[in-house]
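From first to last, the protein sequence lines are chains A and B.
All residue numbers for the first sequence refer to numbering that gives the first Met the number 0, where the first residue is 0 and numbers rise by one.
All residue numbers for the second sequence refer to numbering that gives the first Met the number 0, where the first residue is 0 and numbers rise by one.
We put the CB at the ideal spot given by N, CA and C, even for glycine.
Treat the numbers as computed from the prediction; the structure is a model and nothing was measured.
There are 2 protein chains.
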Amino acid sequence: MKKDHAVAALAALAQDSRLDVFRLLVQAGPDGMPAGRVAEALGLAPNTLTFHFDRLRDAGLVTVRRDGRSMIYAARFATMNELLGFLTENCCQGAPEACGPALVCKPARGKRAKVSV
Amino acid sequence: MKKDHAVAALAALAQDSRLDVFRLLVQAGPDGMPAGRVAEALGLAPNTLTFHFDRLRDAGLVTVRRDGRSMIYAARFATMNELLGFLTENCCQGAPEACGPALVCKPARGKRAKVSV
DNA sequence: ATTATATTTCAATAATCGTTGAAATATGAA
DNA sequence: TTCATATTTCAACGATTATTGAAATATAAT
Chain A
0 MKKDHAVAAL AALAQDSRLD VFRLLVQAGP DGMPAGRVAE ALGLAPNTLT
50 FHFDRLRDAG LVTVRRDGRS MIYAARFATM NELLGFLTEN CCQGAPEACG
100 PALVCKPARG KRAKVSV
Chain B
0 MKKDHAVAAL AALAQDSRLD VFRLLVQAGP DGMPAGRVAE ALGLAPNTLT
50 FHFDRLRDAG LVTVRRDGRS MIYAARFATM NELLGFLTEN CCQGAPEACG
100 PALVCKPARG KRAKVSV
């Protein structure tokens with residue numbers, strides 16, 4: 000994942016309503032759910048919701064497909080995983096164990112940086 | 000982690016310079032590095048950098064301590080892990096394996112939701 | 001005490017963002 | 001075709017945000 004994409008994804012998630020929407024879709028799973036049910040679950044106006052879906056979609060965090068007159072939105076788990084990986088990439092100079100009791104910390108890709116003594 | 004805190008942390012990371020700063024600190028590890036070296040590494044004006052550090056600090060993503068006339072900033076790995084956990088919490092109705100080939104997906108805490116057939 | 005270094009504070013400005021309301025589009029039902 | 005449902009588009013407004021420049025503070029060196 001490139002940095003620009005990561006910033007876009009983080010910006011998409013960094014908003015009250017959108018974080019709610021995304022987490023709801025994460026919990027809904029790969030089949031997603033119709034826009035209307037999201038609006039109802041979160042108490043959002045339909046046009047406001049469209050605005051937020053657009054941001055999430057531009058960031059590659061959700062997909063849409065049409066089903067009848069409903070639009071079904073679903074979380075893109077692959078993008079989320081890339082984002083999490085990007086944040087923890089090459090942590091602690093490639094030595095995750097040096098990051099303390101941190102649970103998620105992705106080592107460097109390919110080369111592993113030297114650990115200073 | 001509460002939702003407000005998650006939004007704050009995501010907003011703190013959702014900016015070009017700040018994402019650079021945070022990742023640099025993640026890579027630097029628990030000992031952190033002085034503000035001056037961050038400024039130099041990323042080509043940021045010192046006052047701009049202070050502004051960004053404040054945001055990261057308010058979000059609990061970094062800590063500061065003084066060493067002589069330098070301020071040493073370090074990533075807070077615990078907060079980052081809480082954030083990652085928050086995003087993936089209760090994914091796919093508590094059945095992470097249903098999320099497809101997703102690598103990071105945290106099951107529900109306590110109760111596990113029923114999986115519809 | 002004076003000077004240099006490291007960083008922060010403050011005010012101002014330009015740019016971006018979220019919500020709203022009204023109207024448009026697309027699909028399905030009668 | 002006409003009506004109802006589901007969602008999107010567009011323009012406008014107020015609020016928030018990032019960057020800048022100049023000045024202030026804190027520590028260290030002479």
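The alpha helix (DSSP H) spanning A38(A) covers which residue range? 34–41
If you reduce the DSSP assignment to three classes, tell me which class A10(A) lands in. helix
Name the two residues that bound the continuous beta strand (DSSP E) containing D66(A). 61–66
Taking the DSSP output, what are the residues bridged to A97(B)? A97(B) is not bridged to any residue.
Closest to A8(A) by CA distance: which of P106(A), G31(A), A74(A) is it? Nearest neighbour of A8(A) by Cα position, chosen from P106(A), G31(A), A74(A), turns out to be A74(A).
Using only CA atoms, which one of A97(B), L55(B), T78(B) lies nearest to D99(A)? Rather than Asp, the amino acid found at residue 99(A) in this sequence is Gly. Measuring from the Cα of G99(A), the nearest candidate turns out to be T78(B).
Own chain partners of L48(B) with C-beta closer than 7 Å, once the 5 adjacent residues on each side are dropped: A34, V37, A38
For a test of your reading of the model: does the CB of L23(B) fall under 8 Å from any non-hydrogen atom of the ligand PLP? Yes or no. Of ligands this structure carries none, so the ligand PLP is not represented either.
Taking the alpha helix (DSSP H) that M70(A) falls in, what are its first and last residues? Unbroken run through M70(A) is the beta strand (DSSP E), 69–74; no alpha helix (DSSP H).
Contact residues within the region 44–77 of chain A, judged by C-beta distance below 9 Å to chain B: Residues of the region 44–77 of chain A with a C-beta less than 9 Å from any C-beta of chain B: A74, F76, A77, listed in chain order.
What span of residues does the alpha helix (DSSP H) with P45(A) cover, start to end? That run of the alpha helix (DSSP H) goes 45–57.
Does the region 57–71 of chain B come within contact of the region 55–67 of chain A, defined as at least 3 CB pairs closer than 8 Å? no
List, in order along the chain, the chain B residues whose C-beta lies closer than 7 Å to that of G99(A)? P29, F76
Can you list the residues of chain B that A5(A) reaches, using a CB-CB cut of under 7 Å? L18
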